[in-house]
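Residue numbers (our numbering): 661 to 841.
Note that beta-carbon positions come from the ideal geometry of N, C-alpha and C, so glycine has one too.
Shown next, in structure tokens, is the structure this report addresses.
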């Protein structure tokens, strides 16, 4: 990420990335399929954690409460290692078309998988359309609020505050979901 910020994404070579990490290019490919994966290094881990949270929903927990908990966990994950990289990653994703495409692919794939997990977690209460709408509403609201905040030049902390607020607003419409009559 440092090299991308200093030299530019397109100008940074895989050999430079490997040398900076003190590994061979062959070793680099043991961990990443390409440069794009470096930018999204934590995507798989974060999705696995979110899916585990949904799969381990608390007894009696509503869809809205569960998804709000997943969004809050996402904020905590972002505050860790990636928090200090959030602004750089955002600028890269908005400036590099290949990263924009990859971000959209990851977003749609993760939302689909989260919706499937939601259906499994609430088999008698949530159908695929409802799950898709719930995940899309909450994730879309949080992501767009964060993007708008970062676009205005706000800090990653302010972006997460905006994302949490947007998630709370979206969750208000989801409260009736996943409750047994």
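- When secondary structure is reduced to three states using DSSP, residue 716 falls in the coil class, being assigned neither helix nor strand.
- Runs of the alpha helix (DSSP H) spanning 4 or more residues and lying entirely within the stretch 676-724 occur at 685-691, 695-699 and 703-715, in chain order.
- Taking a C-beta distance under 9 Å as the contact criterion, residue 802 and residue 824 qualify as a contact pair.
- In this structure, residue 798 places its C-beta atom within 9 Å of the C-beta atom of residue 830.
- Residue 766 sits away from residue 688, with the two beta carbons spaced by 9 Å or more.
- Between the alpha carbons of residue 677 and residue 789 lies a distance of about 42 Å.
- Inclusion of residue 759 and residue 665 in the CB contact set at 9 Å is not warranted, their separation being larger than that value.
- Between residue 703 and residue 733, the gap from beta carbon to beta carbon reaches 9 Å or more.
- Counting C-beta atoms within 10 angstroms of its own C-beta, residue 680 has fewer than 16 neighbours from the protein chains shown and is therefore classed as exposed.
- In the DSSP annotation of this structure, residue 783 is not part of any alpha helix (DSSP H), being labelled neither H nor E.
- Taken in chain order, the unbroken stretches of alpha helix (DSSP H) that lie wholly in the stretch 744-822 and span 4 residues or more are 746-755, 757-781 and 788-811.
- In this structure residue 747 is in contact with residue 816, their Cβ atoms being roughly 6 Å apart against a cut-off of 8 Å.
- One alpha carbon belongs to residue 719, the other to residue 800, and they sit about 26 Å apart.
- When secondary structure is reduced to three states using DSSP, residue 732 falls in the helix class.
- By the neighbour-count criterion, in which a residue is buried when 16 or more other Cβ atoms sit within 10 angstroms of its Cβ, residue 672 is buried.
- Pairing residue 694 with residue 707 gives a Cβ-Cβ distance that is not under 9 Å.
- Nearest to residue 697 by alpha-carbon distance, out of 686, 682 and 661, is 661.
- Residue 726 is classed as buried because its beta carbon has at least 16 other beta carbons within 10 Å across all chains shown.
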